[in-house]
Every structure is written in C-alpha cells, then in structure tokens.
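Q: Residue numbers (UniProt numbering): 1 to 146.
Note that beta-carbon positions come from the ideal geometry of N, C-alpha and C, so glycine has one too.
Bear in mind the structure is a predicted one, so any value in this text is a computation, not a measurement.
Attaching a single structure in structure tokens format; questions to follow.
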C-alpha cells in the first residue's frame, strides 16, 4: 500500500462521517456520537498526516508550498472545530458551522487528492511511498487508540 492509498482510505471515512453528521438534528445522542467521531478522526488524521506525509514533502522544493498550504488548512479545520465545541448542539448555527466544516474538509481532501498527491507522486521514490504509508498507518492506530 502506498501513502496515497492509505490517506484516501481515511479520507473516505471522513467524508462519510461528515455527511452523516450534517443529517443529524438538535441535541441528540446521534449528533453527539458522530461529532465526537468526526473530531477524533480529523485530529488523528491531521497529526499522522503531518508527521508521515507533510514533513517529508516540506523538504522537497517541488511540494513544499502545497505541503505548507495543506498544514495551514489543518489549522483552519481546528478553528472550526473549536467553534463547534463552543456552540450548543441545539443552537441553529451549530448545523451551519458543521456544514462549513464539511465544506472545508471536503475542499482540503479534494485538493490533496487532485494536486498534492500528483506532485508528491513525482517527487517521492516508490520505496518511500510505501514506507510513509506504514508510518502513517502506525501513527493513525496510535491516534485512534488514544
């Protein structure tokens, strides 16, 4: 498995969780459960992705700018999560913020898959693509079990 396949697999999980989250209503157990899953998944993914994927990409001229941009987007996602944390589930603007989060995350994932992966694919040697996948998966396991 390459780093790109490992990341795409988790991107699909994020897309699914966010789609399910914005279908929830009010202060419900379902919303609470899904939001906690989304938060844990996004935080863990960002941490693992930055360590196993973006640090090596920042070391290459070809991918440095895209890698920095993607890490900055992780911070924007964190800020929206903080806003959601401060908003009551039953507030009318909670769903608005959740939809903003879905839009931002989806934009970020699409940009990674369509732009960053192509550049990284040209810049990373094949053996590093598989070793980074192992590093990423190990870090994700650690994040998910924390």
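(1) Count the C-beta pairs between the stretch 44–62 and the stretch 85–105 that are closer than 8 Å, then say yes if the count reaches three, no if not.
(2) With contact counted as at least three CB pairs below 8 Å, one residue from each stretch, are the stretch 105–113 and the stretch 27–35 in contact?
(3) Secondary structure at residue 56, three-state DSSP: helix, strand or coil?
(4) With 16 other CB atoms within 10 Å as the buried threshold, where does residue 70 fall?
(5) Can you round the beta-carbon distance between residue 72 and residue 84 to whole angstroms, since I take them to be within the 8 Å contact cut?
(6) I'd like the list of long-range same chain contacts for residue 62, defined as Cβ closer than 6 Å, with 5 residues on each side in sequence excluded.
A: This is what the structure holds:
(1) no
(2) no
(3) helix
(4) buried
(5) No, residue 72 and residue 84 are not in contact; Cβ-Cβ is about 19 Å, not under 8 Å.
(6) 119, 123
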